[in-house]
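Residue numbers (my numbering): 35 to 238.
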Amino acid sequence: MAPEDRIIPSRENCVYTSCYCEENVWKLCEFVRTERTTQLDQVFVVFISNENRMVPLWKQKSGCGDEPVIWDYHVVLLQVSGPADTLVYDLDSVMSFPCSLKLYATHALRSDHGIKSAYHRKLRVVPADSYLMNFASDRSHMKKADGSWRMPPPTYPPIHTAESQMNLDDFISMEPAVGWGSVFSLHEFLQRYVGSSSSSAASL
């Protein structure tokens, strides 16, 4: 992708902290809003999780070979310019950045067919402007019982709103009545944003 076509910096120039994907994506949204690189209503934040907080994703940097990584949740950015032009920005993926959603679905999301129901993915899609206005995290989910960090936090201050210091669970939740945005099964998500739910079968 030519530099002038990018809505966010190249991968190596993005604000990134390992294991803080929700904040990494918030920073991407902030960049789009500040730099006005595209219309914000074309940008969405996607939380991937389920009731068990066990979701497989392939083509992740922390993966091994063709084995999936089992995340409790993961967050990516979606740019929707048209039915055939949806792009995914996943800072934790080994795939291109950005990557077409169709390609990402085939290789990283794959399919829930052949996967135990406990691992079936759901996706919460939140408009970027709503995410910027409402998301808050005090990073307490990354602290051990003794107060030490599971993984080093970002160097910038925690993201807060006037109403909340911590509402991450409302975004991770796949209960439609909770939080912001819309919740989809993997099949529904692919039907809506790719126009098909045919991605590679997986086994787990």
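The beta-carbon is built from N, C-alpha and C at its ideal position, and this holds for glycine as well.
Asked: Rounded to the nearest angstrom, what separates Cys63 and Gly99 at their Cα positions?; Found: 31 Å
Asked: Pairs of beta-carbons, one from the region 145 to 158 and one from the region 64 to 72, closer than 8 Å: are there three or more?; Found: no
Asked: Leaving out the 5 sequence neighbours to the left and right, which residues in its chain are closer than 7 Å to His194 when beta-carbon positions are compared?; Found: Ala170
Asked: Is it the case that the CB of Asp39 approaches a heavy atom of the ligand HEM more closely than 7 Å?; Found: Ligands in the displayed structure: none, and consequently the ligand HEM is not present.
Asked: Quick one: what's His108 bridged to in DSSP?; Found: Ile82
Asked: Let me make sure I understand the geometry here. Which of Leu166, Asp163, Val110 has the alpha-carbon closest to that of Ala139?; Found: Val110
Asked: List in chain order: all unbroken beta strand (DSSP E) runs of 3+ residues lying wholly within the region 50 to 105.; Found: 77 to 83, 89 to 91, 103 to 105
Asked: Could you work out which residue in Cys53, Tyr54, Lys61 is closest to Trp47 when comparing CA atoms only?; Found: Before going further, note that residue 47 is Asn rather than Trp in the sequence given. Comparing Cα positions, the closest option is Lys61.
Asked: Kindly indicate which residue of Leu121, Gly213, Gly215 has the alpha-carbon position closest to the one of Val228.; Found: Leu121
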